[in-house]
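Residue numbers (my numbering): 1 to 431.
Quick look at the structure:
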């Protein structure tokens, strides 16, 4: 075997990441060094720098604030702190912080922007007709800057005046889960830019999934493929997301992961990305990794979605953690979703040999729908539990007998007699 000793696996240095503008890589390296006590010179300063360039202004502000209380803090940190506060909309605090920094081009530029912020309101208040379009543009931009606040009051009159107003109103409706309104607003729009194609694809995908329309899903898949396969977008992050979405709708999950893996470093702790990523993992049977990603999600909206709950329950069961799946059901209120989750738990636990939780799920289903044949599933699960008890792999006989008694089937007494006989012979006390 010939080995080239010149080729070594070299851990990139901080400077390498910064030169490539890979701020996520740099931040990861700095945090790792901090966690193991090998923090380099100015590490805290660089962490704030990387967080700022990643758009995490709150994290940057916290890092810079921590530096300002240290006795040897460089005075320039005050202007860096002011910049982070500026992007968080803390204009008064930003001005106070900037005033503590030494005079510099950055400080001058920041103070200039701060001075023009109260001016924005004055511009809006100007009543001359010649300024009307600028006023409309400012109102539109304020809605965008404020994350959609006031969208329904400001944007509808502007959709035929400012082209972006229609798109931003569609985005607002999507965020409010009003998919039909979003569709009504965009269905007649003939897309000409990648952003318009993507947004029209997203709306059609959302509507198609909501009403079960294959036609809308097909249109969405075609729009995503058009953007993701174009020469101008194929190597961009939105382009790769589009291809992942296209393959997701086609249920080609191996291809989904190829594209999501290529951009996952740019979506650190992004709940929507992790939701799609985990579903693709689970669909391919990678239940352990899928469970880990599902549990990273923080959004309460996603965590209460039945798709999330059912996939997480399946991952738990496939990873031999049926109790966790059962606890998911117990936290749900009575609904068609909870009934569906019970069916999933009952059948998946049975298939995976987790008979105790299968029996509990079939018992609950039997109570909810007494005229069904859930008794057969419960009977099989209870017998499966008894087999595990005989193999010293379970100790739940006391719980199984009451489950059997809940059924009015005549076979119950025969099974219970057999269980009692074994319990008596093996000195196991049954109530």
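Backbone N, C-alpha and C fix where the C-beta goes; we use that ideal spot for every residue, glycine too.
Remember, predicted model here, so these are calculated numbers, not experimental data.
Note down the Cα distance separating residue i from residue j, rounded to an integer number of angstroms.
{"i": "residue 92", "j": "residue 40", "result": "33 Å"}
{"i": "residue 373", "j": "residue 313", "result": "23 Å"}
{"i": "residue 99", "j": "residue 316", "result": "55 Å"}
{"i": "residue 289", "j": "residue 103", "result": "51 Å"}
{"i": "residue 338", "j": "residue 310", "result": "10 Å"}
{"i": "residue 37", "j": "residue 77", "result": "23 Å"}
{"i": "residue 71", "j": "residue 64", "result": "13 Å"}
{"i": "residue 226", "j": "residue 368", "result": "48 Å"}
{"i": "residue 21", "j": "residue 262", "result": "17 Å"}
{"i": "residue 156", "j": "residue 165", "result": "8 Å"}
{"i": "residue 447", "j": "residue 25", "result": "Past the edges of the chain, shown from 1 to 431, lies residue 447, and the structure says nothing about it."}
{"i": "residue 386", "j": "residue 376", "result": "15 Å"}
{"i": "residue 334", "j": "residue 362", "result": "16 Å"}
{"i": "residue 355", "j": "residue 190", "result": "55 Å"}
{"i": "residue 55", "j": "residue 234", "result": "24 Å"}
{"i": "residue 210", "j": "residue 183", "result": "12 Å"}
{"i": "residue 17", "j": "residue 84", "result": "22 Å"}
{"i": "residue 127", "j": "residue 138", "result": "No answer about residue 127 holds up, because its pLDDT of 49 lies below 50 and its placement is not dependable."}
{"i": "residue 213", "j": "residue 246", "result": "16 Å"}
{"i": "residue 48", "j": "residue 19", "result": "17 Å"}
{"i": "residue 405", "j": "residue 389", "result": "19 Å"}
{"i": "residue 153", "j": "residue 198", "result": "25 Å"}
{"i": "residue 270", "j": "residue 293", "result": "11 Å"}
{"i": "residue 46", "j": "residue 53", "result": "11 Å"}
{"i": "residue 412", "j": "residue 422", "result": "16 Å"}
{"i": "residue 135", "j": "residue 343", "result": "57 Å"}
{"i": "residue 366", "j": "residue 330", "result": "16 Å"}
{"i": "residue 416", "j": "residue 264", "result": "54 Å"}
{"i": "residue 420", "j": "residue 407", "result": "17 Å"}
{"i": "residue 319", "j": "residue 34", "result": "34 Å"}
{"i": "residue 129", "j": "residue 163", "result": "Below a pLDDT of 50, predicted positions are generally treated as unreliable, and residue 129, at 47, falls in that range; the measurement from the model is reported next regardless. Rounded to the nearest angstrom, the two C-alpha atoms are 21 Å apart."}
{"i": "residue 179", "j": "residue 185", "result": "10 Å"}
Is residue i helix, strand or coil by DSSP?
{"i": "residue 360", "result": "helix"}
{"i": "residue 157", "result": "helix"}
{"i": "residue 3", "result": "With a pLDDT of only 41 at residue 3, under 50, the local geometry of the prediction cannot be trusted, and the value read off the model is given with reservation. Of the three classes helix, strand and coil, the one that applies to residue 3 here is coil, per DSSP."}
{"i": "residue 402", "result": "helix"}
{"i": "residue 234", "result": "coil"}
{"i": "residue 297", "result": "coil"}
{"i": "residue 335", "result": "coil"}
{"i": "residue 13", "result": "coil"}
{"i": "residue 163", "result": "helix"}
{"i": "residue 263", "result": "helix"}
{"i": "residue 251", "result": "coil"}
{"i": "residue 188", "result": "coil"}
{"i": "residue 340", "result": "helix"}
{"i": "residue 127", "result": "At residue 127, the pLDDT of 49 sits below 50, so the modelled position is not reliable and the matter cannot be decided from this model."}
{"i": "residue 272", "result": "helix"}
{"i": "residue 427", "result": "coil"}
{"i": "residue 36", "result": "coil"}
{"i": "residue 242", "result": "helix"}
{"i": "residue 305", "result": "coil"}
{"i": "residue 409", "result": "coil"}
{"i": "residue 414", "result": "helix"}
{"i": "residue 228", "result": "helix"}
{"i": "residue 100", "result": "coil"}
{"i": "residue 69", "result": "coil"}
{"i": "residue 216", "result": "helix"}
{"i": "residue 380", "result": "helix"}
{"i": "residue 8", "result": "Since pLDDT at residue 8 reaches only 45, below the 50 mark, its modelled position is unreliable, and the value read off the structure follows with that caveat. Looking at residue 8 - three-state DSSP - the assignment turns out to be coil, as it is neither helix nor strand."}
{"i": "residue 393", "result": "coil"}
Assuming residue i and residue j are in contact, meaning their beta carbons sit under 8 Å apart, how far apart are those beta carbons, in whole angstroms?
{"i": "residue 250", "j": "residue 221", "result": "6 Å"}
{"i": "residue 143", "j": "residue 168", "result": "7 Å"}
{"i": "residue 81", "j": "residue 97", "result": "5 Å"}
{"i": "residue 302", "j": "residue 268", "result": "Not confirmed; about 17 Å, so no contact."}
{"i": "residue 326", "j": "residue 281", "result": "About 23 Å; that fails the 8 Å criterion."}
{"i": "residue 428", "j": "residue 403", "result": "Not confirmed; about 17 Å, so no contact."}
{"i": "residue 332", "j": "residue 341", "result": "7 Å"}
{"i": "residue 60", "j": "residue 51", "result": "4 Å"}
{"i": "residue 459", "j": "residue 217", "result": "Residue coverage of the chain in this structure runs from 1 to 431, which leaves residue 459 outside it and unanswerable."}
Going by Cα to Cα distance, which pick from the options is closest to residue i?
{"i": "residue 240", "options": "213, 273, 219", "result": "273"}
{"i": "residue 296", "options": "67, 75, 279", "result": "279"}
{"i": "residue 238", "options": "252, 201, 166", "result": "201"}
{"i": "residue 208", "options": "219, 84, 293", "result": "219"}
{"i": "residue 160", "options": "175, 330, 146, 140", "result": "140"}
{"i": "residue 149", "options": "59, 62, 175", "result": "175"}
{"i": "residue 287", "options": "105, 270, 321, 23", "result": "321"}
{"i": "residue 114", "options": "147, 53, 79, 293", "result": "79"}
{"i": "residue 89", "options": "66, 203, 147", "result": "147"}
{"i": "residue 345", "options": "224, 371, 381", "result": "381"}
{"i": "residue 252", "options": "357, 284, 231, 383", "result": "284"}
{"i": "residue 409", "options": "58, 255, 379, 86", "result": "379"}
{"i": "residue 101", "options": "300, 68, 87", "result": "68"}
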